[in-house]
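Participant:
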Amino acid sequence: MLSSAFTTKPKRKTRVLVDRLWPRGLRKDKADLDLWAKDVAPSNTLRRWFDHKPERWEEFEKRYRAELAAPETQPRIEALRAVTRKGHVTLLYAARDESMNNAVVLRDYLRKRH
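Numbering (our numbering), first residue to last: 142 to 255.
1. Find out if the Cβ-Cβ distance for the pair Leu233, Val181 is shorter than 8 Å.
2. Could you tell me the distance, in whole angstroms, from the CA atom of Gly228 to the CA atom of Arg153?
3. From what residue to what residue does the alpha helix (DSSP H) around Thr225 run?
4. For Pro195, which residues in the same chain have their Cβ closer than 7 Å to its Cβ, ignoring the five residues on either side in sequence?
5. What span of residues does the beta strand (DSSP E) with Leu233 cover, start to end?
6. CA-CA distance, Arg252 and Arg217?
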């Protein structure tokens with residue numbers, strides 16, 4: 142499941158923020174999350190390149206999947222998978238676009254390789 146980092150919902154699922162940067166305007170003491178998995182977020186270089194431009198979405202997906210598949214990323218992916226095996230997890234993102242953000246790519250990546 143995916144959700145904006147700015148929404149608060151009843152605690153039925155583990156909430157994991159998957160952005161590299163802390164969401165602007167979200168106070169850490171008010172954040173309703175269990176884990177900040179910034180190490181599985183897109184690299185700063187990729188994040189800056191994408192800049193949430195829809196015309197770059199397909200290439201962003203491709204490049205981000207390559208980052209996720211890299212050997213050096215696998216220990217962090219496995220740590221996140223361990224969390225998902227314990228129960229329901231909601232991946233949180235700060236982007237305004239619900240369908241074109243890194244959490245969408247990460248969710249699909251985890252599902253295909255679970």
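Built from N, CA and C at the ideal position, the CB exists for glycine as well. All values reported here derive from a predicted model rather than from experimental measurement.
Facilitator: In terms of the structure at hand:
1. no
2. 9 Å
3. Gln215 to Arg226
4. Met241
5. Val230 to Tyr234
6. 16 Å
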